[in-house]
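Student: Sharing a structure here in structure tokens format.
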Amino acid sequence: MIEVQNLVKDYGPIRALGGVSFTVQRGEVVGFLGPNGAGKTTCMKIVTGFIAATSGQVTVDGKDVVEDGVEVRRRIGYLPENAPVYPDMTVREYLAFVAGVRAIPAADVTRRINDVAMRVGVVNVLGQEIGTLSKGYRQRTGLAQAMIHDPEILILDEPTSGLDPNQIVEIRELIKDLGRDRTVILSTHNLPEVTATCNRILLIHRGRLVADGTPASISAAQGGGNTFLVEIARRDGAHPVADVVARLQGVTSVLPVEKAGAIGEPFRIAGQGDTDLRPAIFDLAVRSGWALIEMRRERLDLESIFQRLTQS
Amino acid sequence: MRNVSTIARREFFAYFGSPVAYIAIAVFLVLLGVTFFFKIPFLLPKDDFFEAKEATLRPLFEWMVFLFTIILPAISMRLLAEERKMGTLELLLTLPLTETEVVVGKFLGALGFLGVATALTLAYPILVTVLGNPDPGPIVGGYFGVLLIGAAYLAVGLLASAWTGSQITAFLVAIVICAAFTFVDRLPEALGLRAFEATNLMSFNAHFRSIARGVIDTRDVVFFLSVIVGAVALASHSLESRKWK
Numbered sequence: 001m002i003e004v005q006n007l008v009k010d011y012g013p014i015r016a017l018g019g020v021s022f023t024v025q026r027g028e029v030v031g032f033l034g035p036n037g038a039g040k041t042t043c044m045k046i047v048t049g050f051i052a053a054t055s056g057q058v059t060v061d062g063k064d065v066v067e068d069g070v071e072v073r074r075r076i077g078y079l080p081e082n083a084p085v086y087p088d089m090t091v092r093e094y095l096a097f098v099a100g101v102r103a104i105p106a107a108d109v110t111r112r113i114n115d116v117a118m119r120v121g122v123v124n125v126l127g128q129e130i131g132t133l134s135k136g137y138r139q140r141t142g143l144a145q146a147m148i149h150d151p152e153i154l155i156l157d158e159p160t161s162g163l164d165p166n167q168i169v170e171i172r173e174l175i176k177d178l179g180r181d182r183t184v185i186l187s188t189h190n191l192p193e194v195t196a197t198c199n200r201i202l203l204i205h206r207g208r209l210v211a212d213g214t215p216a217s218i219s220a221a222q223g224g225g226n227t228f229l230v231e232i233a234r235r236d237g238a239h240p241v242a243d244v245v246a247r248l249q250g251v252t253s254v255l256p257v258e259k260a261g262a263i264g265e266p267f268r269i270a271g272q273g274d275t276d277l278r279p280a281i282f283d284l285a286v287r288s289g290w291a292l293i294e295m296r297r298e299r300l301d302l303e304s305i306f307q308r309l310t311q312s
Numbered sequence: 313m314r315n316v317s318t319i320a321r322r323e324f325f326a327y328f329g330s331p332v333a334y335i336a337i338a339v340f341l342v343l344l345g346v347t348f349f350f351k352i353p354f355l356l357p358k359d360d361f362f363e364a365k366e367a368t369l370r371p372l373f374e375w376m377v378f379l380f381t382i383i384l385p386a387i388s389m390r391l392l393a394e395e396r397k398m399g400t401l402e403l404l405l406t407l408p409l410t411e412t413e414v415v416v417g418k419f420l421g422a423l424g425f426l427g428v429a430t431a432l433t434l435a436y437p438i439l440v441t442v443l444g445n446p447d448p449g450p451i452v453g454g455y456f457g458v459l460l461i462g463a464a465y466l467a468v469g470l471l472a473s474a475w476t477g478s479q480i481t482a483f484l485v486a487i488v489i490c491a492a493f494t495f496v497d498r499l500p501e502a503l504g505l506r507a508f509e510a511t512n513l514m515s516f517n518a519h520f521r522s523i524a525r526g527v528i529d530t531r532d533v534v535f536f537l538s539v540i541v542g543a544v545a546l547a548s549h550s551l552e553s554r555k556w557k
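If you read the protein sequences in the order shown, they are chains Y and H.
Mapping of the first sequence onto the numbering used here: position 160 corresponds to residue 160, and the numbering continues sequentially without gaps.
Whatever position you read off the second sequence (first residue = 1), add 312 for the numbering used here.
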């Protein structure tokens, strides 16, 4: 549905995008992840036709964003970074203005405005001038604007910036809900946000795509491995835990780790392939009379992947 | 067309929803009234309304043009510069609109302001008609000319506003261009030279005077229309060029 091919964008001597390609299918909720200045916003501006790429091509449903700009923009709802709005208009006037440009029939405008206002939670400020609203309300007004024509594609540049934790949860729920029957591309540098809302991640760094996939597949591709963090307390004189565990089937290594406030001995245990060692370790602990203080499977979480991929 | 009118309406109501329009119109009407009713010799040496003992509005129109060179750039300066500054340009241009629609809509919105400001001066021709027996030709021509030259100022102001994100810059650039093109016909005289055709051809004022005499010459109308279309087209082009920066 959205096809991005070898996108390059130079701002004068600075290369903001160095050849980015990806395809987004209908119904995907894609999180654009990357540090500030990675090229997320630039990429979104090109897809929405606000700026043109130096080279490369973007098509939406087979239509070129440069040549068929108006047609493409009709299908997209876009929330630009920092949610720019007209401060001198009321929320209702502003949404009515956008509805007018979006060619929503006059008879439906009021109903549509009330619908989206309800969904993003700006019903109680519809009559207020946007300039007098808090950042959170402005952000939601921007979101309402992007949804007013019920677009197939929503492109949201940092949709939750400036919101308080409760509002963030609400907006995430809304995005998930929207993602059920349409395509959503959102950008963020907030990691929990991507895990909470997206079924696909595009990690972008210095204008290049460095990872593309679900959180799990990226984790696996980055050598997340199959490791378990175990903390065991044993009685005096018992066999050293490491030796015993190492003999367990499927265990490849047992390494002691540092852990603050440990009451037993903490280890990182690596297993072969994808086998879950936890039942075996539990049985072993029971047989050996150890107290199992803690045991969890380690995932190379997004945070570590993010750091690993963007600190080079 | 529908999009153009949506933009135009927004712009028009943005003016009248804020004090800007009211202040500009008040200043315009007060200054116009002062020069019309009081003798201000250094401003209007020969054509003072009551001295002239003649039912004419010529000095009024001349003075309107002068005021427009300052007031209309103040009105047009925000058209695009403000959007650029606030980031709403991104919002506007990612709606299914073309640059031309945005620019033409904004121009028409500002033209609405000009229409209101000009309509509010209709008291003068009414007064003159009640008091005397004026020739209607120069009055109709005068209004036509004032609207044309005003529209040209707004188009130039719009272009200046497309060039920058600063309203003050847009304002000053527009004043300089408008004033230069308006008064260029006086340049040879000021330099002690004989008048020559080129300056008259370029001068907004020379074309305006010609229309204001009451005999409408197509060449003058075409002149103003070309300035308007040219400046609006350049503004649209300038807006489009942001894409490649």
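Just so you know, even glycine gets a beta-carbon here, dropped at the ideal spot from N, CA and C.
1. Taking the Cβ atom as the reference point for each residue, do K40 (chain Y) and S187 (chain Y) lie within a distance shorter than 8 Å?
2. Looking at the structure shown, is M295 (chain Y) part of a helix, part of a strand, or coil, going by DSSP?
3. Within the region 163-205 of chain Y, note down every full beta strand (DSSP E) run reaching 3 residues or more, in order along the chain.
4. Please report the straight-line C-alpha distance between V468 (chain H) and F425 (chain H), rounded to a whole angstrom.
5. Output yes if chain H places a C-beta closer than 8 Å to the C-beta of D276 (chain Y); else output no.
6. Determine, for V184 (chain Y), whether the minimum Cβ-Cβ distance to residues of chain H falls below 8 Å.
7. Pair every Cβ in the region 64-83 of chain Y with every Cβ in the region 366-386 of chain H, then say whether three or more of these pairs are closer than 8 Å.
8. Measuring only between beta-carbons, confirm whether R390 (chain H) sits less than 8 Å from chain Y.
9. Chain H partners of G100 (chain Y), CB-CB under 7 Å?
10. Does DSSP classify G329 (chain H) as helix, strand or coil?
11. Can you list the residues of chain H that D88 (chain Y) reaches, using a CB-CB cut of under 9 Å?
12. Less than 8 Å between the C-beta atoms of V85 (chain Y) and S55 (chain Y), yes or no?
13. Whole angstroms is fine: what's the gap from R531 (chain H)'s alpha carbon to L470 (chain H)'s?
14. Given that R322 (chain H) touches chain Y, what residues does it touch there, using C-beta distances under 7 Å?
15. With distances taken from CA atoms, which of H:L513, H:G449, H:V428 is nearest P437 (chain H)?
16. Whole-angstrom Cβ separation of R119 (chain Y) and L174 (chain Y), contact assumed at under 8 Å?
17. By how many angstroms is the C-alpha of I204 (chain Y) removed from the C-alpha of P35 (chain Y)?
18. List the residues that DSSP assigns as beta-bridge partners of Q57 (chain Y).
19. Using three-state DSSP, classify P357 (chain H) as helix, strand or coil.
20. In angstroms with no decimal places, state the Cα-to-Cα distance between V169 (chain Y) and T195 (chain Y).
21. Between the alpha carbons of E248 (chain Y) and T183 (chain Y), how many angstroms are there, rounded?
22. Excluding the five sequence neighbours on either side, which residues of its own chain have a C-beta within less than 6 Å of the C-beta of T476 (chain H), listed in chain order?
23. Alpha carbon to alpha carbon, how far is P151 (chain Y) from E28 (chain Y)?
24. Using a beta-carbon distance below 8 Å, is N315 (chain H) in contact with chain Y?
Tutor: In terms of the structure at hand:
1. Between K40 (chain Y) and S187 (chain Y), the C-beta gap is smaller than 8 Å, which places the two residues in contact.
2. strand
3. 183-188, 200-205
4. 16 Å
5. no
6. The Cβ of V184 (chain Y) sits no closer than 8 Å to any Cβ of chain H.
7. Between the region 64-83 of chain Y and the region 366-386 of chain H, the count of C-beta pairs closer than 8 Å stays below three; the two stretches do not touch.
8. no
9. T318
10. coil
11. A326, G329, S330
12. With contacts defined as CB atoms closer than 8 Å, V85 (chain Y) and S55 (chain Y) fail to qualify as a contacting pair.
13. 24 Å
14. F97
15. In terms of CA proximity to P437 (chain H), H:G449 leads the group H:L513, H:G449, H:V428.
16. The beta carbons of R119 (chain Y) and L174 (chain Y) sit about 6 Å from each other, so the pair counts as a contact at 8 Å.
17. 8 Å
18. Y:Q5
19. Per-residue confidence for P357 (chain H) stands at a pLDDT of 45, beneath the threshold of 50, marking its modelled position as unreliable; no derived number is given.
20. Taking the straight line from one Cα to the other gives about 13 Å.
21. Per the sequence presented here, residue 248 (chain Y) reads as Leu, with Glu not at that position. Answer to the nearest angstrom: the Cα atoms are 47 Å apart.
22. A393, A482
23. Approximately 14 Å between the Cα atoms of the pair.
24. yes
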